[in-house]
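Heads up: the protein sequence lines correspond to chains E and S, in order. Under this note's numbering, the first residue of the first sequence carries the number 95, and numbering increases by one thereafter. Under this note's numbering, the first residue of the second sequence carries the number 95, and numbering increases by one thereafter. We put the beta carbon where it would ideally sit given N, CA and C, even for glycine. Only one structure is covered here, and it is reproduced in the block below.
Protein chains: 2
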Amino acid sequence: MIINKQHLETYDTRYRAQLINSLSGFKSANLIGTINEAGQTNLSIVSSVFHIGATPPLVGMIFRPHSVPRHTLENIFEMKTYTINQVSSQIYRGAHQTSARYDRAISEFAAAGLTEEYHDPIPAPFVKESRLKYSLDLREHQILSINDTELVIGEITNIIIDDDAIKQDGYVDIESLATIAVSGLDSYHVTKRISRLSYAKPDKAIENLDIDGHPK
Amino acid sequence: MIINKQHLETYDTRYRAQLINSLSGFKSANLIGTINEAGQTNLSIVSSVFHIGATPPLVGMIFRPHSVPRHTLENIFEMKTYTINQVSSQIYRGAHQTSARYDRAISEFAAAGLTEEYHDPIPAPFVKESRLKYSLDLREHQILSINDTELVIGEITNIIIDDDAIKQDGYVDIESLATIAVSGLDSYHVTKRISRLSYAKPDKAIENLDIDGHPK
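See the structure below:
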């Protein structure tokens, strides 16, 4: 079927949100850990974390205006630092619970059954149960005028990771860490690797690579 | 282990690119279909498509400066319209092949073994073999000063989708379309749903939802 702009306008808000959120494809699932000057921590699940560049190592996130992770955003602006923690299949239910509208005074760590972990000198809390996590310094913030969403870009400062997940060529086997993928607003998925593929060249057939990046 | 900024600086470029590209989590896999005034088509795989908003329906993409999809970017600026086509496990190898540096005169459709499909009045080609695809009008373009990457935002105009993939509440079962997820630079994954979860509230336990969004 073909759905055009006129059709889209007739859909109710929730139906439309489910539909449009499904179109971009699979999304990452990450918990954003923050703290404010008063020492109040906050944790919120975000499916909008995306890679921006490796040199310098930059990661972006999109926040909807007035959305649930508002306390997270305020803490990032206040402290200029935060953590990103990959969500695994072991913790996805607790991670999802952090999307509830808790009062500012309540830390979502307890609500989610997750544990704060600290690494000097980073003030923001990591999630102990996450097996791939990193701290960032805030580098850029702008409001996209087109729909008032906020774009936050951070530079990675410290990465905490299970040693054996890093393969010979630097690739991280996030599937081995049970990292999950999200579709739409509320669907969580584990993955099964089909293959790694060789760097594509115009005059050469693609080869399958093993997990370390070597031709099979 | 902990990897800090000093460690990162000692890594060679490719190792570092593999590592940093793995940190954001699973990514979407999409083929961007474009055409220029002269009628030359172009197709390139992009793992940086992300949801920005549902009202209006907006989707963003990040392009590295001087990267392979440069012809794609030029075509988007020229025609102000393009298509996004989800990559399934049936076409992922051809999709990956589009990342090779082809001359401008060569359309990646043929190289990838994929077929152009047209829907009046949209000039840009869709990928016939893709089971969820949509056209967009260019709405915003900016260069992120932090690392010269280009942010392109489009508004969805027409969605072409298998009817039975849309569930009762508007959620699209992209897993049933064999849509794949990407990790790092070159790893492709199929998915298996753990569950859809109910909207989180502070004082209420999360419930599992069936595929149509009803409590199980």
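Worksheet item: With 16 as the cutoff for other CB atoms within 10 Å, does N169 of chain E come out buried or exposed?
Response: The residue you call residue 169 of chain E lines up with position 75 of the first sequence. Buried, because 16 or more other Cβ atoms sit within 10 Å of the Cβ of N169 of chain E.
Worksheet item: For S193 of chain S, which option in S:N98, S:K298, S:S292, S:D280 has the closest C-alpha, if you only look at C-alpha atoms?
Response: To locate residue 193 of chain S, count along the second sequence from 1; it is residue 99. The shortest Cα separation from S193 of chain S among S:N98, S:K298, S:S292, S:D280 belongs to S:D280.
Worksheet item: the segment 276 to 299 of chain E: which residues have C-beta closer than 7 Å to a C-beta of chain S, in chain order?
Response: So the close ones are S277, G278, D280, S281, Y282, H283, V284, T285, K286, R287, I288, S289, R290, L291, A294, K295, P296.
Worksheet item: For the segment 139 to 220 of chain E, which segments carrying the alpha helix (DSSP H) assignment without a break, of at least 4 residues, lie completely within its bounds, in sequence order?
Response: Inside the segment 139 to 220 of chain E, DSSP marks whole alpha helix (DSSP H) runs of 4 or more residues at positions 164 to 173, 186 to 191, 202 to 206, from first to last along the chain.
Practice prompt. Kindly indicate which residue of E:H165, E:N115, E:R110 has the alpha-carbon position closest to the one of A199 of chain E.
Written response: Here the question's residue 199 of chain E lines up with position 105 in the first sequence. Ranking the options by Cα distance to A199 of chain E, first place goes to E:H165.
Practice prompt. Give me the Cβ distance between L232 of chain S and V246 of chain S, rounded to the nearest whole Å; I'm assuming they're in contact under 8 Å.
Written response: For the purposes of this step, residue 232 of chain S is taken as the residue at position 138 of the second sequence. For the purposes of this step, residue 246 of chain S is taken as the residue at position 152 of the second sequence. Rounded, the Cβ-Cβ distance is 7 Å, consistent with contact.
Fill in: Contact list for the segment 97 to 130 of chain S against chain E, Cβ threshold 8 Å
Those would be I97, N98, K99, L102, Y105, T107, R108, Y109, R110, A111, Q112, L113, I114, N115, S116, L117, S118, G119, F120, K121, S122, A123, N124, in chain order.
Worksheet item: Got a sec: is the Cβ-Cβ distance from A218 of chain E to anything in chain S below 8 Å?
Response: By 1-based counting over the first sequence, the position of residue 218 of chain E is 124. For A218 of chain E, the closest Cβ of chain S is not nearer than 8 Å.
Practice prompt. Using three-state DSSP, classify Y109 of chain S as helix, strand or coil.
Written response: As a first step, residue 109 of chain S is located in the second sequence; it is residue number 15 there, counting from the start. Residue state for Y109 of chain S is assigned as helix, using DSSP reduced to three classes.
Worksheet entry | Closer than 8 Å at the beta carbon, the chain S residues around D263 of chain E | One-based indexing of the first sequence puts residue 263 of chain E at position 169. Going along chain S in sequence order, the residues near D263 of chain E (Cβ under 8 Å) are R108, Y109, Q112.
Item to complete: Evaluate Q100 of chain E with the Cβ neighbour count: other Cβ atoms within 10 Å of its Cβ, from every protein chain shown; 16 or more gives buried, anything less gives exposed.
Response: Numbered from 1 along the first sequence, position 6 holds the residue referred to as residue 100 of chain E. By the neighbour-count criterion, in which 16 or more other beta carbons inside 10 Å mark a residue as buried, Q100 of chain E falls on the exposed side.
Worksheet entry | Pairwise C-alpha distance: D263 of chain E and L167 of chain E | Reading the first sequence from its first residue, position 73 is the one you call residue 167 of chain E. Reading the first sequence from its first residue, position 169 is the one you call residue 263 of chain E. Inter-residue distance for L167 of chain E and D263 of chain E is about 35 Å (C-alpha atoms, whole angstroms).
Item to complete: Output yes or no for whether 8 Å exceeds the beta carbon distance between I126 of chain E and I178 of chain E.
Response: Here residue 126 of chain E corresponds to residue number 32 of the first sequence, with the count starting at 1. Here residue 178 of chain E corresponds to residue number 84 of the first sequence, with the count starting at 1. Yes, the pair counts as a contact, with Cβ atoms nearer than the cut-off.
Worksheet item: If you drop the 5 nearest sequence neighbours on each side, which residues of the same chain put their C-beta closer than 8 Å to that of Q184 of chain E?
Response: As a working note, residue 184 of chain E is residue 90 in the first sequence. Result list for Q184 of chain E: E223, A272, in chain order.
Worksheet item: Could you give the C-beta distance for N241 of chain E and G147 of chain S, rounded to a whole number, given that I count them as a contact under 8 Å?
Response: For the purposes of this step, residue 241 of chain E is identified with residue 147 of the first sequence, where counting begins at 1. For the purposes of this step, residue 147 of chain S is identified with residue 53 of the second sequence, where counting begins at 1. With a contact defined as Cβ atoms closer than 8 Å, N241 of chain E and G147 of chain S qualify at about 4 Å.
Worksheet item: Looking at the unbroken alpha helix (DSSP H) that takes in H101 of chain S, where does it start and where does it end?
Response: By one-based count along the second sequence, residue 101 of chain S stands at place 7. Going by DSSP, H101 of chain S is part of the alpha helix (DSSP H) stretching over 99 to 104.
Item to complete: Report the residue from E:F203, E:R158, E:Y228 whose alpha carbon sits nearest the alpha carbon of D214 of chain E.
Response: Residue mapping note: residue 214 of chain E aligns to position 120 of the first sequence, counting from 1. Of the candidates E:F203, E:R158, E:Y228, the one whose C-alpha sits nearest the C-alpha of D214 of chain E is E:Y228.
Worksheet item: DSSP three-state call for A259 of chain E: helix, strand or coil?
Response: In the first sequence, the residue the question calls residue 259 of chain E occupies position 165. Looking at A259 of chain E - three-state DSSP - the assignment turns out to be helix.
Item to complete: Consult DSSP for L291 of chain S and reduce its assignment to one of helix, strand or coil.
Response: Locating residue 291 of chain S in the second sequence gives position 197, where the first residue counts as 1. Correct three-state label for L291 of chain S: strand.
Discussion item. Does the distance between the C-beta of S116 of chain S and the nearest non-hydrogen atom of the ligand NAP fall short of 7 Å?
Written reply: For the ligand NAP, the structure offers nothing, since it holds no ligand at all.
Fill in: Simplified DSSP assignment, three categories, for L279 of chain E
Locating residue 279 of chain E in the first sequence gives position 185, counting from the first residue. In this structure, L279 of chain E counts as coil in the three-state DSSP scheme.
Worksheet item: Taking only beta-carbon atoms, is N136 of chain E less than 8 Å away from chain S?
Response: Counting from 1 along the first sequence, the entry for residue 136 of chain E is found at position 42. By this cut-off, N136 of chain E is not an interface position.
Practice prompt. Can you give me the Cβ contacts of I97 of chain S inside the same chain, cut-off strictly under 6 Å, excluding the 5 residues immediately before and after it?
Written response: By 1-based counting over the second sequence, the position of residue 97 of chain S is 3. Sequence-distant partners of I97 of chain S (beyond 5 residues in either direction) whose C-beta falls short of 6 Å from its own C-beta are missing from its chain.
Fill in: Under 8 Å between C-beta atoms of N115 of chain S and H145 of chain E
Here the question's residue 115 of chain S lines up with position 21 in the second sequence. Here the question's residue 145 of chain E lines up with position 51 in the first sequence. The answer is yes: Cβ separation under 8 Å.
Discussion item. Run through the DSSP bridge pairs and tell me what K227 of chain S is partnered with.
Written reply: Counting from 1 along the second sequence, the entry for residue 227 of chain S is found at position 133. Residue pairing by DSSP places K227 of chain S opposite S:N179, S:I254 in a beta bridge.
Worksheet item: S142 of chain S to F220 of chain E, Cα distance in whole Å?
Response: Numbered from 1 along the second sequence, position 48 holds the residue referred to as residue 142 of chain S. Numbered from 1 along the first sequence, position 126 holds the residue referred to as residue 220 of chain E. Answer to the nearest angstrom: the Cα atoms are 26 Å apart.
Fill in: In DSSP terms, what I126 of chain S is bridged to
Mapped onto the second sequence, residue 126 of chain S falls at position 32. I126 of chain S pairs with S:S138, S:I178.
Discussion item. Residues of the segment 189 to 214 of chain S in Cβ contact with chain E at a cutoff of 9 Å, in chain order, please.
Written reply: So the close ones are H190, Q191, T192, S193, A194, R195, Y196, D197, I200, A205, H213.
Practice prompt. Determine the direct distance from the alpha carbon of G154 of chain E to that of E244 of chain E, and round the result to whole angstroms.
Written response: In the first sequence, counting from the first residue as 1, residue 244 of chain E sits at position 150. In the first sequence, counting from the first residue as 1, residue 154 of chain E sits at position 60. Straight across, the Cα-Cα distance linking E244 of chain E with G154 of chain E is about 10 Å.
Worksheet entry | is_contact[N241 of chain E, chain S] using C-beta, thresh 8 Å | Counting from one through the first sequence, the residue named residue 241 of chain E turns up at place 147. At least one CB of chain S lies nearer than 8 Å to the CB of N241 of chain E.
Worksheet item: Are the Cβ atoms of A204 of chain E and Q191 of chain E separated by less than 8 Å?
Response: Translated into positions along the first sequence, residue 204 of chain E becomes position 110. Translated into positions along the first sequence, residue 191 of chain E becomes position 97. Not in contact: A204 of chain E and Q191 of chain E (Cβ atoms no closer than 8 Å).
Worksheet item: How many Å lie between D304 of chain S and Y186 of chain E at the Cα?
Response: In the second sequence, the residue the question calls residue 304 of chain S occupies position 210. In the first sequence, the residue the question calls residue 186 of chain E occupies position 92. Approximately 17 Å between the Cα atoms of the pair.
Item to complete: Quickly, what does DSSP pair G307 of chain E with across the bridge? List them, please.
Response: Taking the first sequence and counting its residues from 1, one reaches residue 307 of chain E at position 213. Answer is none; G307 of chain E lacks a bridge partner.
Worksheet item: Can you list the residues of chain E that Q180 of chain S reaches, using a CB-CB cut of under 7 Å?
Response: In the second sequence, residue 180 of chain S corresponds to position 86, counting from 1. The contacting residues are G119.
Discussion item. Please return the same chain residues whose Cβ sits closer than 7 Å to the Cβ of I253 of chain E, not counting the five positions on each side in sequence.
Written reply: Your numbering for residue 253 of chain E matches position 159 in the first sequence. Scanning its chain for C-beta atoms nearer than 7 Å, with the 5 sequence neighbours on each side dropped, one finds around I253 of chain E the residues Y228, in chain order.
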